[in-house]
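Just so you know, the working numbering puts 93 at position 80 of the sequence shown, and the rest follows in order with no gaps. Here a beta-carbon is modelled for each residue, glycine too, at the ideal position from N, C-alpha and C.
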Amino acid sequence: MQAKHLTSCSLTAPFSATAQTTHPASPKIQRVQQEPYQGWSLSDRDPDVIRNILPLTEWLYHHYFQVQTEGWEHTPTDQPILFVGSHNGGLASPDLHMIMVDWFRRFGVERPVYGLMHPKVWDIFPQLAKTATQMGAVQAHPKMAIAAFQKGASVLVFPGGAQDAFRPNHQRHRIFFNGRKGFIKLALRQHVPIVPLVSTGAHDTLFVIDNCYQQARQLHDWGLLPWMFDRDPEVFPIFFGWPWGLALGPLPNLPWPSPIRTRVCSPIVFERYGREAIRDNAYVDQCYNIVVEQMQMALNELVSR
14 MQAKHLTSCS LTAPFSATAQ TTHPASPKIQ RVQQEPYQGW SLSDRDPDVI RNILPLTEWL
74 YHHYFQVQTE GWEHTPTDQP ILFVGSHNGG LASPDLHMIM VDWFRRFGVE RPVYGLMHPK
134 VWDIFPQLAK TATQMGAVQA HPKMAIAAFQ KGASVLVFPG GAQDAFRPNH QRHRIFFNGR
194 KGFIKLALRQ HVPIVPLVST GAHDTLFVID NCYQQARQLH DWGLLPWMFD RDPEVFPIFF
254 GWPWGLALGP LPNLPWPSPI RTRVCSPIVF ERYGREAIRD NAYVDQCYNI VVEQMQMALN
314 ELVSR
């Protein structure tokens, strides 16, 4: 299975990711993998940390975002699940955090769910990454997702990544995975159902005018625009949001208060699984289209209410 584009997501959301390649690890990378809270160990998840953070997130859930949710009865309790969501609201991704509140309220903090997080978080925001790791974030690498499934845990991915989190406001009701199909191959390889997650309201916690990455990349190539932290941001939005007012680039944002509604959709089970299914590109495309179409239908229904 290809690791590239397994998932790709925002930099600060605890359960988000861009996959790394599967080339042999360098000695430096091997040392990092042996250090705690680097996203390479499932045992770094700490239920006590989750318990300590829950009062704050529950207050935000009830009072700041006034969350309404539905569909949790669709969540299988007897097998691992691959949750697939759409990113909203910039780097803050408030709907992601509210979905996690629902998970912990229904299943407790002891039942593990692991989220695939962008590897840049550990480089740019190490303290945030440590907290996210304690809450269940792991490196967006196939081996970590597979390890979680083998443990009997569920996994959460947001395939659209930063491009999804910062899609323009006029596309806020569109499922946008940017053509990334690695999550399909992961489900086919591990024989797990996909449970889609959709939401409305979270992308109204900022106002994205447009993504100007191609123009920013050209300026960077000309030497006129250095990248923050000396890393390619992969997205370069122009948006209105707290605390910046008008912001240029993928800056962290504080979400505006906006009611959020979330829905857990019925599990999607494909006709074929296994290595032969993964090698069938047409079949992978078909499975991908099924997921996107079902999620778009569910989102349209949620928006129309």
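Look up Tyr286 in the DSSP assignment and say whether it is helix, strand or coil. As a first step, residue 286 is located in the sequence shown; it is residue number 273 there, counting from the start. In the structure shown, Tyr286 sits in coil (DSSP, three-state: anything other than H, G, I, E or B).
What's the gap between the Cα of Ile303 and the Cα of Trp116? The residue given as residue 303 occupies position 290 in the sequence shown. The residue given as residue 116 occupies position 103 in the sequence shown. When rounded, the distance between both Cα atoms is 25 Å.
From the DSSP output, in three-state form, read off Arg119 for me. Translated into the one-based positions of the sequence shown, residue 119 becomes position 106. Arg119: helix per DSSP, three-state reduction.
Out of Arg244, Gly52, Asp293 and Glu83, which one is the CA nearest neighbour of Ala2? This structure cannot settle anything about residue 2, because the visible part of the chain is limited to 14 through 318.
Terminal residues of the alpha helix (DSSP H) in which Gly195 lies: As a working mapping, residue 195 is identified with position 182 in the sequence shown. Run containing Gly195: Gly195 to Gln203, per the alpha helix (DSSP H) assignment.
Determine the closest residue to Leu238 out of Asp245, Pro246, Ala229 and Arg244, with distance taken between C-alpha atoms. If you number the sequence shown from 1, residue 238 lands on position 225. For Leu238, the nearest C-alpha among the options comes from Ala229.
Okay, do the stretch 183-194 and the stretch 246-263 touch, 3+ Cβ pairs below 8 Å being the bar? no
Just verifying my parser: in three-state terms, what is the DSSP assignment at Ser54? Residue numbering aside, residue 54 sits at position 41 when the sequence shown is read from its first letter. Ser54: coil per DSSP, three-state reduction.
If we ignore side chains and look at the alpha-carbon of each, how far apart do Lys41 and Phe242 end up? For the purposes of this step, residue 41 is identified with residue 28 of the sequence shown, where counting begins at 1. For the purposes of this step, residue 242 is identified with residue 229 of the sequence shown, where counting begins at 1. The predicted position of Lys41 is uncertain, since its pLDDT is 47 and thus under 50; a value taken from the coordinates is nonetheless stated next. Using only the alpha carbons, I get a separation of about 20 Å.
The beta strand (DSSP E) that contains Gly254, what's its start and end? In the sequence shown, residue 254 corresponds to position 241, counting from 1. It spans Pro250 to Gly254 - the beta strand (DSSP E) in which Gly254 sits, taken as one unbroken run.
Taking Thr70 and Val114 to be in contact with their CB atoms under 8 Å, please state how far apart those CB atoms are, rounded to whole angstroms. Counting from one through the sequence shown, the residue named residue 70 turns up at place 57. Counting from one through the sequence shown, the residue named residue 114 turns up at place 101. Right, the Cβ-Cβ distance comes to about 5 Å (below 8 Å), so this counts as a contact.
Out of curiosity, what's the CA-to-CA distance linking His100 and Arg288? Position 87 of the sequence shown, counting from 1, holds the residue named residue 100. Position 275 of the sequence shown, counting from 1, holds the residue named residue 288. Approximately 29 Å, taken between the alpha carbons.
List the DSSP bridge partners of Met130. Walking along the sequence shown from the start, residue 130 turns up at place 117. DSSP output for Met130 lists Gln152 as bridge partner(s).
Under the three-state DSSP convention, the category Phe242 falls into: Counting from one through the sequence shown, the residue named residue 242 turns up at place 229. Helix, per DSSP.
Helix, strand or coil at Ile188 according to DSSP, with G and I counted as helix: Walking along the sequence shown from the start, residue 188 turns up at place 175. In this structure, Ile188 counts as coil in the three-state DSSP scheme.
Reference Asp108, options Thr82, Gly165 and Asp59, closest by Cα: On the sequence shown, residue 108 is found 95 positions in, with the first residue counted as 1. Of the listed residues, the one whose Cα sits closest to Asp108 is Thr82.
Can you tell me whether Pro139 is helix, strand or coil according to DSSP? Taking the first residue of the sequence shown as 1, we reach residue 139 at position 126. Here Pro139 sits in helix by DSSP.
Close-in-space but distant-in-sequence residues of the same chain around Ser279 (CB under 6 Å, 5 per side omitted): Within the sequence shown, the letter at position 266 stands for residue 279. Within the same chain, Ser279 has close Cβ partners His87.
If distances are taken between C-alpha atoms only, which option among Ala311, Lys143 and Arg285 comes closest to Glu48? Within the sequence shown, residue 48 is the residue found at index 35, counting from 1. Taking only the C-alpha atoms, the option nearest Glu48 is Lys143.
Using alpha carbons as the reference points, say which of Phe96, Pro265, Arg202 and Gln309 lies closest to Gly254. If you number the sequence shown from 1, residue 254 lands on position 241. Minimum Cα distance to Gly254 is reached at Pro265.
Does the Cβ-Cβ distance between Val316 and Arg276 come in under 8 Å? Locating residue 316 in the sequence shown gives position 303, counting from the first residue. Locating residue 276 in the sequence shown gives position 263, counting from the first residue. No.
In three-state DSSP terms, what is Val316? In the sequence shown, the residue the question calls residue 316 occupies position 303. Residue state, collapsed to three classes: helix.
From what residue to what residue does the beta strand (DSSP E) around Ala260 run? The sequence position of residue 260 within the sequence shown is 247, counting from 1. Note, Ala260: beta strand (DSSP E), Gly258 to Leu261.
Per-residue burial, Asn224 [other beta carbons within 10 Å of its own, 16 or more giving buried]: Your numbering for residue 224 matches position 211 in the sequence shown. With 16 or more Cβ atoms within 10 Å of its Cβ, Asn224 is classed as buried.
DSSP state of Met308, grouped into three classes? Along the sequence shown, read from residue 1 onward, the residue named residue 308 stands at position 295. DSSP places Met308 in helix when its eight states are reduced to three.
Element boundaries [beta strand (DSSP E), containing Pro209]: Here residue 209 is taken as the residue at index 196 of the sequence shown, counted from 1. Here the beta strand (DSSP E) through Pro209 covers Ile207 to Thr213.
On the CB-based measure, 16 or more other CB atoms within 10 Å of its CB, does Val97 come out buried or exposed? As a first step, residue 97 is located in the sequence shown; it is residue number 84 there, counting from the start. Answer is buried; the Cβ neighbour count reaches 16.
Is it a yes or a no for the stretch 56-70 touching the stretch 171-180, going by three-plus beta-carbon pairs under 8 Å? no
Do three or more CB pairs link the stretch 194-203 to the stretch 212-221 at distances below 8 Å? no
When Val282, Asp298 and Ile273 are compared against Ser318, the one with the closest alpha-carbon: Start at 1 with the first residue of the sequence shown, and residue 318 comes out as number 305. Correcting the residue type first, residue 318 is Arg in the shown sequence and not Ser. The shortest C-alpha separation from Arg318 is found at Ile273.
Between the beta-carbon of Ile251 and the beta-carbon of Ile281, is there less than 8 Å? Counted from its first residue, the sequence shown places residue 251 at position 238. Counted from its first residue, the sequence shown places residue 281 at position 268. No, the pair does not count as a contact, with Cβ atoms beyond the cut-off.
Determine the direct distance from the alpha carbon of Pro263 to that of Phe249, and round the result to whole angstroms. On the sequence shown, residue 249 is found 236 positions in, with the first residue counted as 1. On the sequence shown, residue 263 is found 250 positions in, with the first residue counted as 1. About 6 Å.
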